[in-house]
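**Q** With positions in the sequence shown counted from 1, the corresponding number in the working numbering is that position plus 89. Even for Gly, the Cβ is constructed at its ideal location relative to N, Cα and C.
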Amino acid sequence: MVKINNYYGYGGMASYYAFMLPALILSLYAQIKVMTTFSKYSKVRNSRGITGSQAARMILEANGIRDVSIKQSRGAGQDFYHPLEKSVNLSNSHLNMASIAAIAVAAHECGHAMQHSQGYAMLAFRNRISKFATISSNVSWVLLFLGMALSSPSLLGFGIILFSAVVFFQIVTLPIEFDASRRAMVQLQELGLVANSQEASQSKKMLSAAALTYVAAMVTAIFELLRFISMFNRSRRR
90 MVKINNYYGY GGMASYYAFM LPALILSLYA QIKVMTTFSK YSKVRNSRGI
140 TGSQAARMIL EANGIRDVSI KQSRGAGQDF YHPLEKSVNL SNSHLNMASI
190 AAIAVAAHEC GHAMQHSQGY AMLAFRNRIS KFATISSNVS WVLLFLGMAL
240 SSPSLLGFGI ILFSAVVFFQ IVTLPIEFDA SRRAMVQLQE LGLVANSQEA
290 SQSKKMLSAA ALTYVAAMVT AIFELLRFIS MFNRSRRR
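1) Per DSSP, what kind of secondary structure is V177 in: helix, strand or coil?
2) Helix, strand or coil: which one does DSSP assign to Q167?
3) Could you give the distance in angstroms between the alpha-carbon of V91 and the alpha-carbon of G236?
4) Is the beta carbon of F214 sitting closer than 8 angstroms to the one on S229?
5) Closer than 7 angstroms: is that where the CB of T140 sits relative to any heavy atom of the ligand ATP?
6) Do L277 and A289 count as a contact pair if the criterion is CB distance below 8 angstroms?
7) Tell me which residue opens and which closes the beta strand (DSSP E) that Q276 is part of.
8) So, at 8 angstroms on beta carbons, what are the nonlocal neighbours of Q167 in its own chain, with the 5 sequence-adjacent residues on each side left out?
9) Have a look at the DSSP bridge pairing and note the partners of I159.
10) With three or more C-beta pairs closer than 8 angstroms as the rule, is the segment 304 to 311 touching the segment 232 to 250?
11) Going by the beta-carbon positions, is the gap between A300 and V256 smaller than 8 angstroms?
12) Going straight from the alpha carbon of P264 to that of M295, what length do you get?
13) Work out the CA separation of N135 and A145 for me, nearest whole Å.
14) For the putative contact between A273 and G200, defined by C-beta atoms under 8 angstroms, what is the C-beta separation to the nearest angstrom?
15) Let me know the secondary structure DSSP gives R316 once reduced to three states.
16) Hey, how far is the Cα of Y97 from the Cα of M320?
17) Taking just the CA atoms, how far does L239 sit from N94?
18) Taking three-plus beta-carbon pairs below 8 angstroms as touching, is the segment 150 to 162 in contact with the segment 202 to 212?
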């Protein structure tokens, strides 16, 4: 227990926050930015009065994608594209509302459907490694905790290797999300889903705020990895 406290006691926690402070600040900023932006543009009705589900259907049909369904997801803020089910899943506020937020989110998820339909290499690669990344994430934390508790460089080392896979997954995810947002803006403008430059700007702000969360997740994961590597080096010197 004494060894665990060396990592998680007062000094350990102070060291943790000092090391992770930049990532924590960025993560907090990203969460606040997303919440405020989504809240603001969820209240702004798009001038064409198109709901998220209607925008999604228009985008999919315009790109010849007829095997993707549009569903309501179970929880608030649960918007995603499911590659195995081939479905665009939108929360109720985005599915049935005619807001700027609704059409921007719907367009982004359709961007993923377009990637899938067109065989976008990065998305295919991420889908192949996603299960391994999930398993690595779960197992790595067990090994890292045991490595710290037992002061075992070997366990820490194995945990770091597995956690590196999680970091790599986050790095791979980032360009996929940016590409989906780029596709979303093209579709919103080409199909006239945003009626003017103001609505285009508002939609871009929505997509940029959402992308920031992925940047924050990647930076946080990288800083966590660097912290674990630092702990590993210290444990080997003991």
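**A** Walking through what the data contain:
1) On the sequence shown, residue 177 is found 88 positions in, with the first residue counted as 1. Strand at V177.
2) Walking along the sequence shown from the start, residue 167 turns up at place 78. Looking at Q167 - three-state DSSP - the assignment turns out to be coil, as it is neither helix nor strand.
3) Residue mapping note: residue 91 aligns to position 2 of the sequence shown, counting from 1. Residue mapping note: residue 236 aligns to position 147 of the sequence shown, counting from 1. For V91, the predicted model reports a pLDDT of 34, less than 50, meaning its position is unreliable and no value from the coordinates is stated.
4) On the sequence shown, position 125 is the one that residue 214 refers to. On the sequence shown, position 140 is the one that residue 229 refers to. Cβ atoms of F214 and S229: not closer than 8 angstroms.
5) Although the ligand ATP was asked about, the structure shown includes no ligands whatsoever.
6) Working through the sequence shown from its first residue, we reach residue 289 at position 200. Working through the sequence shown from its first residue, we reach residue 277 at position 188. Cβ atoms of A289 and L277: closer than 8 angstroms.
7) Position 187 of the sequence shown, counting from 1, holds the residue named residue 276. Taken as a continuous stretch (DSSP letters only), Q276 belongs to no beta strand (DSSP E), being part of the alpha helix (DSSP H) at P242 to E279.
8) Counting from one through the sequence shown, the residue named residue 167 turns up at place 78. Once the five neighbours on either side are set aside, the close Cβ partners of Q167 are N178 and S180.
9) Against the sequence shown, residue 159 aligns to sequence position 70. For I159, which the question treats as bridged, DSSP gives the partners V177.
10) no
11) What you label residue 300 is simply residue 211 of the sequence shown in a count that begins at 1. What you label residue 256 is simply residue 167 of the sequence shown in a count that begins at 1. Contact: no.
12) Here the question's residue 264 lines up with position 175 in the sequence shown. Here the question's residue 295 lines up with position 206 in the sequence shown. Approximately 17 angstroms between the Cα atoms of the pair.
13) For the purposes of this step, residue 145 is taken as the residue at position 56 of the sequence shown. For the purposes of this step, residue 135 is taken as the residue at position 46 of the sequence shown. The straight-line gap from Cα to Cα measures roughly 14 angstroms.
14) Counting from one through the sequence shown, the residue named residue 273 turns up at place 184. Counting from one through the sequence shown, the residue named residue 200 turns up at place 111. Right, the Cβ-Cβ distance comes to about 5 angstroms (below 8 angstroms), so this counts as a contact.
15) For this step, residue 316 is matched to residue 227 along the sequence shown. DSSP places R316 in helix when its eight states are reduced to three.
16) Taking the sequence shown and counting its residues from 1, one reaches residue 97 at position 8. Taking the sequence shown and counting its residues from 1, one reaches residue 320 at position 231. At Y97 the pLDDT is 41, less than 50, meaning the model places this residue with poor confidence and gives no usable figure here.
17) Position 5 of the sequence shown, counted from the start, is the residue given in the question as residue 94. Position 150 of the sequence shown, counted from the start, is the residue given in the question as residue 239. With a pLDDT of 40 at N94, under the threshold of 50, the modelled position of this residue cannot be trusted; read the value that follows with caution. C-alpha separation (whole angstroms): 11 angstroms.
18) With contact defined as three or more Cβ pairs closer than 8 angstroms, the segment 150 to 162 and the segment 202 to 212 are in contact.
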